[in-house]
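Participant:
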Amino acid sequence: MTQGILLFAHDNEQVQYSLLAAWQTQRIHKWLDKPVSIVADQRTVDNLGKHTSLFDNIIISEQLATQKKSYSGQQLTFNNIDRSMAWELTPYDETLIMDTDIVIQSNRLNQLWNNDADMLVCDNCIDVFAR
48 MTQGILLFAH DNEQVQYSLL AAWQTQRIHK WLDKPVSIVA DQRTVDNLGK
98 HTSLFDNIII SEQLATQKKS YSGQQLTFNN IDRSMAWELT PYDETLIMDT
148 DIVIQSNRLN QLWNNDADML VCDNCIDVFA R
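Last residue of the sequence shown? That's 178 in our numbering, and every number before it is there in order.
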């Protein structure tokens, strides 16, 4: 049974998710020792440049139904509609879908593998910037 991490990255006007994905992949390799695949549009893959070698698979998705969200007082475009296609896109039997902007500091996420549940969802989180 194959296990791996699936990242979604679509650069927008303000955030280079491609670079966040590259950084995140280095953290995954260090702490979780699992293969990493990225789902991205061609422009985002092009922005990865030399970092494409970090990924085990690069899956091109041009499913770019955009939505506008307020982020740090600005209206930004987010292209993440293809996340709902994770089950169809993943090359792994067991997949951990992860945001590119979280920080992995340990191997604790490896406790999720080999679980009998079809899907696991986080029930709480800590906002390190909360005041």
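Quick reminder that beta carbons are idealized off the backbone N, C-alpha and C, glycines included.
#1: What does a CB cutoff of less than 7 Å around THR147 pick up in its chain, not counting 5 residues either side in sequence?
#2: State the start and end residues of the unbroken alpha helix (DSSP H) segment that holds VAL83.
#3: Whose C-alpha, out of ASP80, ASN59, GLN73, is nearest the C-alpha of ALA87?
#4: Tell me the DSSP bridge mates of ASN104?
#5: Would DSSP call SER117 helix, strand or coil?
#6: In angstroms with no decimal places, state the Cα-to-Cα distance between LEU101 and ASP170.
Facilitator: A quick look at the data gives this:
#1: For the purposes of this step, residue 147 is taken as residue 100 along the sequence shown, with counting starting at 1. Counting only residues of its own chain and dropping the five nearest sequence neighbours on each side, THR147 has a CB closer than 7 Å to the CB of LEU54, ALA56, TYR64, LEU67, ALA68, GLN71.
#2: Residue numbering aside, residue 83 sits at position 36 when the sequence shown is read from its first letter. Looking at the DSSP string, VAL83 is not in any alpha helix (DSSP H); the run it does join, the beta strand (DSSP E), is 83-87.
#3: If you number the sequence shown from 1, residue 87 lands on position 40. Proximity to ALA87 across ASP80, ASN59, GLN73 peaks at ASN59, based on C-alpha coordinates.
#4: In the sequence shown, the residue the question calls residue 104 occupies position 57. DSSP, once it has assigned bridges, lists SER84 as partnering ASN104.
#5: Position 70 of the sequence shown, counted from the first residue, corresponds to residue 117. When secondary structure is reduced to three states using DSSP, SER117 falls in the strand class.
#6: Here the question's residue 101 lines up with position 54 in the sequence shown. Here the question's residue 170 lines up with position 123 in the sequence shown. Each residue's Cα considered, the two are about 30 Å apart.
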